[in-house]
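Notes follow once the structure below has been shown.
Number of protein chains: 2
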Amino acid sequence: MSTRGLPAPVAPSSRDKILDVAEVLFARRGFAGVGMREVAEAAGLGKSSLFHHFRSKAQLYLAALERVLRRLDERLAPALASSLGPAEKLDRFTDALVDALAEQASAARLLLRALFEDDAFDAEAWPEGQSVERRIEAILAGITGLLHDGIEAGAFRRTSPAHVVQTLIGATVYHFASGEFGEGLLGGPLLSAQAVATRKAELKSFLHCGLAARPAQSERRETKWTS
Amino acid sequence: MSTRGLPAPVAPSSRDKILDVAEVLFARRGFAGVGMREVAEAAGLGKSSLFHHFRSKAQLYLAALERVLRRLDERLAPALASSLGPAEKLDRFTDALVDALAEQASAARLLLRALFEDDAFDAEAWPEGQSVERRIEAILAGITGLLHDGIEAGAFRRTSPAHVVQTLIGATVYHFASGEFGEGLLGGPLLSAQAVATRKAELKSFLHCGLAARPAQSERRETKWTS
DNA sequence: GTCTATATCACGATAGAC
DNA sequence: GTCTATCGTGATATAGAC
Chain X
1 MSTRGLPAPV APSSRDKILD VAEVLFARRG FAGVGMREVA EAAGLGKSSL
51 FHHFRSKAQL YLAALERVLR RLDERLAPAL ASSLGPAEKL DRFTDALVDA
101 LAEQASAARL LLRALFEDDA FDAEAWPEGQ SVERRIEAIL AGITGLLHDG
151 IEAGAFRRTS PAHVVQTLIG ATVYHFASGE FGEGLLGGPL LSAQAVATRK
201 AELKSFLHCG LAARPAQSER RETKWTS
Chain P
228 MSTRGLPAPV APSSRDKILD VAEVLFARRG FAGVGMREVA EAAGLGKSSL
278 FHHFRSKAQL YLAALERVLR RLDERLAPAL ASSLGPAEKL DRFTDALVDA
328 LAEQASAARL LLRALFEDDA FDAEAWPEGQ SVERRIEAIL AGITGLLHDG
378 IEAGAFRRTS PAHVVQTLIG ATVYHFASGE FGEGLLGGPL LSAQAVATRK
428 AELKSFLHCG LAARPAQSER RETKWTS
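Top line first, the protein sequences correspond to chains X and P.
Here my numbering is used: the first residue of the first sequence is 1, the next is one more, and so on.
Here my numbering is used: the first residue of the second sequence is 228, the next is one more, and so on.
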């Protein structure tokens, strides 16, 4: 019958191998910094064979990014779908996010590029680009909605969900994308089990405290959060 | 006699003009994504004239980055040099950092690239690269030392200064580098006076609370928050 | 200091044999 | 599907006139 839906652990297709090396290379040096020749050679193919699987460099880049986002979404969705309270849900979300980013450093770097670079090509012109856009929006809607619900339920203090999301992205995506610089700063590896656990605890400690609902008395004097 | 040490506001040299456009272009599309021809034309020069001022593309990139770091250091140094307590010092440092990054968005982007990209060229081979390295280390030493002193003095809870620095970088440098994405998420401009003030308040609120020294009893009460 | 012209090379993408 | 060969373009960088 069909093998659809089943992973193929023994025989990775050429397409998957190309995506693997493209993900690593694009993460390291960005879209413009990687040549199709380099990707092809790293995947063990000729350059023309690569263009048989992906019609253009932009399509390859977007396909690699889309795969990263798909895997990330698969890791985050269970945390958001659980029927826990907002605080516990946010903890699970944070754990899942950190685990997913720490599992593969190239994913964090590629994701960071997607979030702050104005891509030179027109992403919307490719179907992969639209898929990328939709996946980003879905993930953002999930975490933003969680924060919003928590505020409405009184579990979090009244703050700006968007600003918290930006802080969360910076504290996770940037952290695991920081590579050599981050390791030099920490004085050790970024991706060891211990370093990941420390990061998780540190981050949750900040979130726990920074989002905790407070007595109205100690609330900010200028409580006009516009966004 | 000499004009050394005086700014020249009326007659910007060709070199300064080149650095201006290089900073913007490299920030937007990275080292590999910008051509020397594009820089030259944006600066109103011929391509060969550009190579008269900067011997290579790598030197131009590093010079632009070095200028960004120099200006940032000038803004941060007063906050660190003040004779305030650790908490107030950190507040001033945060204000200065946010103001400096918000003042010019290209600076934040170029700085973010410097922190997470493994540059394709050998930065150490150029004198500008060594200067970049020294300036980054100086800034890091300043904020890390401030956090360390605050912990020793009992003003901050006992945590990892390096992790706090990473969180701080993510919450500031990434935030102001996020450009179109960040504006879409916030639903408004990133760099307006109001948005900058909101970001400052949000960030200091997180820091204030996340770093506050706590009674030893509540220090490790993570049963409610950890799954 | 700025220019025109050029050297040399790598790029993305295509054609067509096998 | 993979290959060799090639097209057209634009890259960094240099040479030398003015």
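C-beta: ideal position from N, C-alpha, C; glycine also.
Quiz prompt | Min CB distance Asp118/X to chain P below 8 angstroms | solution = yes
Quiz item: Tell me which same chain residues have a C-beta within less than 7 angstroms of the C-beta of Lys274/P, skipping the five on either side of it?
Solution: Met263, Arg264 and Ala267
Quiz prompt | DSSP beta-bridge partners of Phe176/X | solution = Phe176/X is not bridged to any residue.
Quiz item: Ala58/X touches chain P at which residues, Cβ-Cβ below 7 angstroms?
Solution: Correct list: empty, because the minimum Cβ distance to chain P is about 13 angstroms.
Quiz item: Does the beta carbon of Ala32/X come closer than 8 angstroms to any beta carbon on chain P?
Solution: Under the Cβ criterion of 8 angstroms, Ala32/X is counted among the residues facing chain P.
Practice problem: Can you say whether Ser229/P is buried or exposed, counting buried as having 16 or more other CB atoms within 10 angstroms of its CB? | Solution: Residue confidence is low: Ser229/P scores 47 on pLDDT, short of 50, so the model does not pin down where it sits. Its coordinate-derived value is still stated next. With fewer than 16 Cβ atoms within 10 Å of its Cβ, Ser229/P is classed as exposed.
Practice problem: Could you check the C-alpha separation between Asp91/X and Ile169/X for me, to the nearest Å? | Solution: 15 angstroms
Quiz item: Can you give the beta carbon distance from Leu299/P to Ala327/P, rounded, assuming they're within the 8 angstroms contact cut?
Solution: 5 angstroms
Quiz item: Given that Thr394/P touches chain X, what residues does it touch there, using C-beta distances under 7 angstroms?
Solution: Ala171 and Phe206
Self-check item: Short CB-CB distance (under 8 angstroms) between Ser178/X and chain P
Solution: yes
Quiz item: Is the stretch 245–252 of chain P in contact with the stretch 101–108 of chain X, if contact means three or more CB pairs nearer than 8 angstroms?
Solution: no
Quiz item: Counting Cβ pairs closer than 8 angstroms, one from the stretch 379–393 of chain P and one from the stretch 129–137 of chain X, do we hit at least three?
Solution: no
Self-check item: Under the three-state DSSP convention, the category Ala212/X falls into
Solution: strand
Quiz item: Any beta-carbon of chain P closer than 8 angstroms to the one on Arg75/X?
Solution: no
Quiz item: Skipping 5 residues on each side, what residues in its chain have a beta carbon closer than 6 angstroms to that of Phe258/P?
Solution: Listed in chain order, the non-local C-beta contacts of Phe258/P below 6 angstroms within the same chain comprise Tyr288, local neighbours out to five positions each way being set aside.
Exercise. Would you kindly check if the distance between the Cβ of Ala87/X and the Cβ of Ala155/X is under 8 angstroms?
Key: yes
Quiz item: So, are the CB atoms of Val325/P and Leu413/P less than 8 angstroms apart?
Solution: no
Practice problem: Please report the Cβ distance between Leu65/X and Leu115/X, rounded to the nearest whole angstrom; I am assuming they are in contact, meaning their Cβ atoms lie under 8 angstroms. | Solution: Not a contact, Cβ separation roughly 11 angstroms.
Quiz item: Counting contacts by CB-CB distance shorter than 8 angstroms, is Phe181/X in contact with chain P?
Solution: yes
Exercise. Just mark Gly437/P as buried or exposed, buried being the case when its beta carbon has 16 or more other beta carbons within 10 Å.
Key: So Gly437/P counts as buried.
Quiz prompt | Bridge partner(s) assigned by DSSP for Phe383/P | solution = Per DSSP, Ala439/P.
Self-check item: Neighbourhood of Ala120/X by C-beta distance below 8 angstroms, restricted to the same chain and skipping five residues each side
Solution: These residues qualify, in order along the chain: Phe31 and Ala32.
Quiz item: For Arg256/P, which of Arg340/P, Pro239/P and Leu373/P has the nearest alpha-carbon?
Solution: Arg340/P
Quiz item: Quick one: what's got a C-beta closer than 7 angstroms to Gly85/X's C-beta in the same chain, skipping five residues either side?
Solution: Ala155
Quiz prompt | Contacts around Asp95/X, its chain only, beta-carbon distance under 7 angstroms, and the 5 residues preceding and following it disregarded | solution = Lys200
Quiz item: Distance, Cα to Cα, Val24/X vs Glu344/P?
Solution: 12 angstroms
Quiz item: Where does Gln331/P fall in DSSP's three states?
Solution: coil
Quiz prompt | Minimum Cβ-Cβ distance from His390/P to chain X less than 8 angstroms | solution = Under the 8 angstroms criterion on CB atoms, His390/P is classed as interfacial with respect to chain X.
Practice problem: Compare the C-beta of His402/P with all C-beta atoms of chain X and state if any pair is closer than 8 angstroms. | Solution: yes
Quiz item: Skipping 5 residues on each side, what residues in its chain have a beta carbon closer than 7 angstroms to that of Leu146/X?
Solution: Leu80, Pro86, Lys89, Leu90 and Phe93
Quiz item: Closest to Pro239/P by CA distance: which of Gly271/P, Val261/P and Phe253/P is it?
Solution: Gly271/P
Quiz prompt | For Phe51/X, the first and last residue of its enclosing alpha helix (DSSP H) | solution = Lys47 to His53
Quiz prompt | Endpoints, the alpha helix (DSSP H) within which Ser13/X is located | solution = Segment: none, Ser13/X is in no alpha helix (DSSP H) and carries neither H nor E.
Exercise. Report all residues from its chain with a CB closer than 6 angstroms to the CB of Lys451/P; omit the five preceding and five following residues, and keep chain order.
Key: Residue placement at Lys451/P cannot be trusted, given a pLDDT of 41 that sits under 50; the coordinates are not used to answer.
Quiz item: For Ser178/X, is the classification buried or exposed, using 16 other Cβ atoms within 10 angstroms of its Cβ as the cut-off for buried?
Solution: buried
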